[in-house]
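Q:
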Amino acid sequence: AQSVTQLDSHVSVSEGTPVLLRCNYSSSYSPSLFWYVQHPNKGLQLLLKYTSAATLVKGINGFEAEFKKSETSFHLTKPSAHMSDAAEYFCVVSEENTGFQKLVFGTGTRLLVSP
Amino acid sequence: EPEVTQTPSHQVTQMGQEVILRCVPISNHLYFYWYRQILGQKVEFLVSFYNNEISEKSEIFDDQFSVERPDGSNFTLKIRSTKLEDSAMYFCASSESRQNTGELFFGEGSRLTVL
Chain A
-3 AQSVTQLDSH VSVSEGTPVL LRCNYSSSYS PSLFWYVQHP NKGLQLLLKY TSAATLVKGI
57 NGFEAEFKKS ETSFHLTKPS AHMSDAAEYF CVVSEENTGF QKLVFGTGTR LLVSP
Chain B
189 EPEVTQTPSH QVTQMGQEVI LRCVPISNHL YFYWYRQILG QKVEFLVSFY NNEISEKSEI
249 FDDQFSVERP DGSNFTLKIR STKLEDSAMY FCASSESRQN TGELFFGEGS RLTVL
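Residue numbers (my numbering), protein chains in the order written: chain A, -3 to 111; chain B, 189 to 303.
Structure follows, in structure tokens:
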């Protein structure tokens, strides 16, 4: 079965500094990987996705992630944090493409941004 | 912008009572899902639904759970006899395509508290 591990439950940064949220995956097949964000009292929103095309994926709000097969990683980065980036971030892998979209979520990383 | 809407946002119920959580997916979407997140735990897949039938379900989705699309717009999750461990945030999602893109659109969730 596929799985993801988010290495940090909380990450704190100052506004204007870089963001790095770490994710490692486990998969027996070519995975599809995603980052979802959840702002307080809001639903889950897709930030970006990797589906076997370009390994560097750009998403919304200046976020990007790089798929590194050799390291089984899919870390999320942003050059400069904004206060509005404070949220919960989920690294997600899709199950084998034998049926419908069943997503497997990581435990989440809460990003805190201070002024 | 089209969105998935869920009602109620919060429901408190007594153990053993039936609960129905309602979702209105995005209108041109054909695939529907329920996920749940117990406080402090991962978001977990419950069930996917297509063409008026369940296409996949997890081991969590036992006989106490059922889903239905009673009309052209609503998608419901019923828990027949709630247990304390059913307390969680329940997320509805929909997607346009079955392709493995992970482009699920999530609602804001319904928080269920079982006393």
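Yeah, the Cβ is synthetic: ideal placement off N, Cα and C, and Gly gets one too.
Less than 6 Å between C-beta atoms, sequence neighbours within five positions excluded: which residues of the same chain meet that for R268(B)?
A: So the list reads E206, Q252, once near-sequence residues are dropped.
Q: Would N20(A) pass as an interface residue toward chain C - the criterion being a Cβ-Cβ separation below 8 Å?
A: No chain C is part of this structure, whose protein chains are labelled A and B.
Q: Could you check how far apart the C-beta atoms of S283(B) and F293(B) are, in whole angstroms? I think they sit under 8 Å.
A: At roughly 7 Å, the Cβ-Cβ gap stays under 8 Å, so S283(B) and F293(B) are in contact.
Q: So with Cβ pairs under 8 Å, would you call G39(A) a contact of chain B?
A: True, the Cβ-Cβ gap to chain B drops below 8 Å.
Q: Would you give the residue range spanned by the beta strand (DSSP E) that T193(B) belongs to?
A: That run of the beta strand (DSSP E) goes 193 to 195.
Q: Contact criterion: CB-CB distance below 8 Å. Does T51(A) meet it with respect to chain B?
A: False, the Cβ-Cβ gap to chain B never drops below 8 Å.
Q: Residues in its own chain within less than 8 Å of L108(A) by CB, not counting five upstream and five downstream?
A: Only H6, V7, S8, V9, A82 meet the Cβ criterion.
Q: For N216(B), does the three-state DSSP call read helix, strand or coil?
A: In this structure, N216(B) counts as coil in the three-state DSSP scheme.
Q: Once you ignore the five residues that flank V302(B) on each side, which residues in its own chain have a CB closer than 7 Å to its CB?
A: Taken in chain order, the residues that qualify are T201, M203, T270, K271, L272, D274, S275.
Q: If the cut is a Cβ gap below 9 Å, which residues of chain B does F86(A) touch?
A: By Cβ distance, chain B contributes K230, V231.
Q: Please classify Y25(A) as buried or exposed, where buried requires at least 16 neighbouring CB atoms within 10 angstroms.
A: That one is exposed.
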